[in-house]
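Accompanying notes for the structure given below.
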Amino acid sequence: MAKLSLFERRRRRVRTALRNRAGGRPRLSVHRTGKHIYAQIIDDAAGKTVAAASTLGAKSSGANVDAAKQVGTDIAAAAKKAGVTTVVFDRGGFLFHGRVKALADAAREGGLEF
Numbered sequence: 008m009a010k011l012s013l014f015e016r017r018r019r020r021v022r023t024a025l026r027n028r029a030g031g032r033p034r035l036s037v038h039r040t041g042k043h044i045y046a047q048i049i050d051d052a053a054g055k056t057v058a059a060a061s062t063l064g065a066k067s068s069g070a071n072v073d074a075a076k077q078v079g080t081d082i083a084a085a086a087k088k089a090g091v092t093t094v095v096f097d098r099g100g101f102l103f104h105g106r107v108k109a110l111a112d113a114a115r116e117g118g119l120e121f
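In the working numbering, the protein residues as written are 8 to 121.
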């Protein structure tokens, strides 16, 4: 079996810690690429995506902090509409810095608790 990349090791470590601390709360999962940023709220118990937001349909590029802030406010609004108020933040293998941090801060300002 091949060695895991540093990103994959970090992602597994973060997800394992989340499973131990989640307590039945849905998770806010973030994925970042060079062009876009995606966020979705996943109910792991049911195996369903409750809400999602991304920069795919947006006019601006997803490769900047302003677009990440917009996705954060969008996911918070979609979560409120779905009746979700508390989540656990799943940064995946991405460092909590820059666009990921901007998305998290905007989601908190939008009313999500984590």
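Even for Gly, the Cβ is constructed at its ideal location relative to N, Cα and C.
Inter-residue spacing [alpha-carbon to alpha-carbon] between residue i and residue j
i   : j    : result
A65 : G100 : 25 Å
V91 : L119 : 8 Å
L11 : R17  : 10 Å
Beta-carbon contacts of residue i that lie in its chain and below 6 Å, excluding the five residues immediately before and after
i    : result
A109 : V72, A75 and K76
For residue i, the residue or residues it bridges with in DSSP
i    : result
S61  : Y45
T56  : I49
S68  : In DSSP, S68 forms no bridge with anything.
D4   : What the structure shows of the chain is the stretch from 8 to 121, and residue 4 is not part of that stretch, so it cannot be assessed.
E120 : T93
Close-in-space but distant-in-sequence residues of the same chain around residue i (CB under 7 Å, 5 per side omitted)
i   : result
A96 : Here residue 96 turns out to be Phe, not Ala, going by the sequence shown. Cβ within range, chain order: L35, A111 and F121.
L63 : H43
Sub-8 Å separation of residue i and residue j beta-carbons
i    : j   : result
A29  : A58 : no
H104 : G69 : no
V107 : R98 : yes
Worksheet item: Does the region 27 to 37 come close enough to the region 46 to 60 to have 3 or more Cβ pairs within less than 8 Å?
Response: yes
Discussion item. For the region 82 to 91 against the region 15 to 22, do three or more pairs of beta-carbon atoms, one drawn from each stretch, fall closer than 8 Å, so that the two count as touching?
Written reply: no
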